[in-house]
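Quick notes on the structure that follows.
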Amino acid sequence: MDGTVFFSMISLLFEPKFNSEIAGAYVKQWLHFFPYLGLFYIIMVFGGQKVMKSRKAFDLSNFVFVWNLGFSIYSGISTYKIFPDILKVLNSHGIEGTYCHVDDYYSSQVMGYWAYIFLISKTFEFGDTLLLVLRKKPVIFMHWYHHLLTNYITVLSYTRYVAWPRLSIFMNVVVHTIMYFYFATSAKGIKYPNIVRKFITSIQLIQFAISLGFFSHITIKIISGDDANCEISYDSHFLGLAMYLSYLYLFGRFFYKSYIAKVKKN
2 MDGTVFFSMI SLLFEPKFNS EIAGAYVKQW LHFFPYLGLF YIIMVFGGQK VMKSRKAFDL
62 SNFVFVWNLG FSIYSGISTY KIFPDILKVL NSHGIEGTYC HVDDYYSSQV MGYWAYIFLI
122 SKTFEFGDTL LLVLRKKPVI FMHWYHHLLT NYITVLSYTR YVAWPRLSIF MNVVVHTIMY
182 FYFATSAKGI KYPNIVRKFI TSIQLIQFAI SLGFFSHITI KIISGDDANC EISYDSHFLG
242 LAMYLSYLYL FGRFFYKSYI AKVKKN
């Protein structure tokens with residue numbers, strides 16, 4: 002097993018017709034390689050900061066602008082492409098269907114394709130961390146933990162063919178459309194009032210709270226033995242539950258320290 006499977010995964014995006022079976026096979030191989038990717042990422046975070054400690058920070062403002070604007074545009078397109086599927090499932094299965102019914106989530110030429118792109122994008126998002134390291138910006142625990150765990154569970158859940166990523170992905174791309182646009186314009190020197198940063202963290206918290214809500218609902222269904230009509234896997238479910246609990250705590254603490262405690266102190 003080697004990392005070249007990732008290039009095969011990317012090449013699949015340019016085929017005339019999206020093949021969900023081949024995509025699934027590639028992602029299963031990628032899951033086996035993920036421990037090496039995770040180790041590389043950790044080395045990049047801590048080793049990179051150590052290397053940069055005695056070096057001058059790179060001036061990458063133009064590249065950071067293009068990088069973040071690219072992610073904002075991609076996220077906006079994903080929102081546009083995925084939203085009709087959310088509406089379709091809402092109409093046929095109700096709210097519960099958005100996180101309990103797979104339908105053609107993985108196999109359709111639209112939803113399946115954009116869910117697959119989302120999975121690949123999570124590895125490219127490691128570049129966010131590299132840009133922080135090269136510019137000698139702080140890489141806090143919340144940042145690298147969030148990037149690493151989100152990437153892993155995105156890959157894991159894809160191999161399990163579970164339903165809940167549909168709603169999680171939709172909320173994520175909506176938030177990232179706004180967040181990456183903010184990062185892009187900030188890189189060009191645009192100064193935003195504190196309320197904008199507060200708003201971005203708030204919508205992230207709302208995303209995590211909603212995710213925790215439907216994960217809790219699924220957990221209740223599992224405990225009560227009523228999960229037969231909910232397409233889940235226990236490993237990705239309980240890891241996802243723990244993930245969103247930790248995100249809500251970490252981002253909530255960040256919000257409190259950044260926007261509430263500071264106001265009280267001042």
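Here the numbering used here is used: the first residue of the sequence shown is 2, the next is one more, and so on. Don't be surprised by glycine CBs; every beta carbon is placed ideally from N, CA and C. Note that the structure is a prediction, hence the values are computed from the model and not measured.
Is the distance from the Cβ of residue i to the Cβ of residue j below 8 Å?
i: glutamate 232; j: valine 163; result: yes
i: methionine 53; j: aspartate 86; result: no
i: methionine 45; j: leucine 131; result: yes
i: phenylalanine 239; j: tryptophan 165; result: no
i: phenylalanine 142; j: leucine 206; result: no
i: leucine 70; j: valine 156; result: no
i: threonine 160; j: lysine 57; result: no
i: isoleucine 201; j: tyrosine 183; result: yes
i: leucine 150; j: valine 140; result: no
Of the residues the options, which one's Cα is nearest the Cα of residue i?
i: alanine 243; options: Ile223, Lys222, Asn230, Ser212; result: Ser212
i: serine 122; options: Asp104, Thr220, Phe8; result: Phe8
i: phenylalanine 72; options: Gln30, Val174, Lys199, Val90; result: Val174
i: valine 197; options: Gln208, Phe209, Ile179; result: Ile179
i: asparagine 195; options: Tyr235, Ser259, Phe209, Leu249; result: Ser259
i: serine 247; options: Phe256, Ile23, His147; result: His147
i: tyrosine 106; options: Phe125, Glu126, Lys82, Phe64; result: Lys82
i: tyrosine 153; options: Leu14, Leu38, Phe19, Ser76; result: Leu38
i: glycine 128; options: Trp68, Phe119, Ser237; result: Trp68
i: leucine 88; options: Val140, Asn20, Ser55, Arg167; result: Arg167
i: lysine 18; options: Ser108, Ser237, Thr124, Thr220; result: Ser108
i: serine 158; options: Gly77, Phe47, Tyr235; result: Tyr235
i: valine 90; options: Ser55, Thr80, Asp104; result: Asp104
Ignore the nearest five residues each way along the sequence and tell me which others in residue i's own chain have a CB closer than 7 Å to its CB.
i: phenylalanine 66; result: Ala185, Ala188, Lys189
i: tryptophan 145; result: Val46, Thr130
i: serine 21; result: Tyr107, Ser108, Gly113
Mapping the DSSP letters down to three states, classify residue i as helix, strand or coil.
i: phenylalanine 59; result: coil
i: proline 166; result: helix
i: isoleucine 207; result: helix
i: serine 225; result: coil
i: lysine 138; result: coil
i: serine 234; result: coil
i: glutamate 126; result: coil
i: valine 52; result: helix
If we ignore side chains and look at the alpha-carbon of each, how far apart do residue i and residue j end up?
i: glycine 95; j: cysteine 101; result: 10 Å
i: phenylalanine 59; j: arginine 136; result: 5 Å
i: lysine 51; j: leucine 61; result: 19 Å
i: isoleucine 23; j: lysine 263; result: 51 Å
i: serine 12; j: glutamine 110; result: 16 Å
i: threonine 99; j: phenylalanine 256; result: 29 Å
i: isoleucine 43; j: tyrosine 181; result: 23 Å
i: isoleucine 170; j: phenylalanine 64; result: 26 Å
i: tyrosine 114; j: tyrosine 250; result: 32 Å
i: methionine 172; j: asparagine 92; result: 18 Å
i: glycine 25; j: leucine 120; result: 11 Å
i: leucine 40; j: alanine 116; result: 25 Å
i: phenylalanine 35; j: isoleucine 118; result: 17 Å
i: threonine 220; j: alanine 229; result: 12 Å
i: tyrosine 193; j: glycine 226; result: 49 Å
i: phenylalanine 47; j: glutamate 16; result: 38 Å
Output needed for residue i: all residues of its chain with C-beta closer than 8 Å, excluding positions within five of it in sequence on either side, in chain order.
i: tyrosine 245; result: Phe209, Ser212, Leu213, Phe216
i: phenylalanine 84; result: Phe171
i: valine 6; result: Tyr27, Gln30, Trp31, Phe34
In its own chain, which residues sit with a C-beta less than 6 Å from the C-beta of residue i, not counting the 5 before and 5 after it?
i: glycine 77; result: Thr178
Closer than 7 Å to a non-hydrogen atom of the ligand FAD - does that hold for the CB of residue i?
i: glycine 241; result: As presented, the structure is devoid of all ligands, the ligand FAD included, so that no description of it is given.
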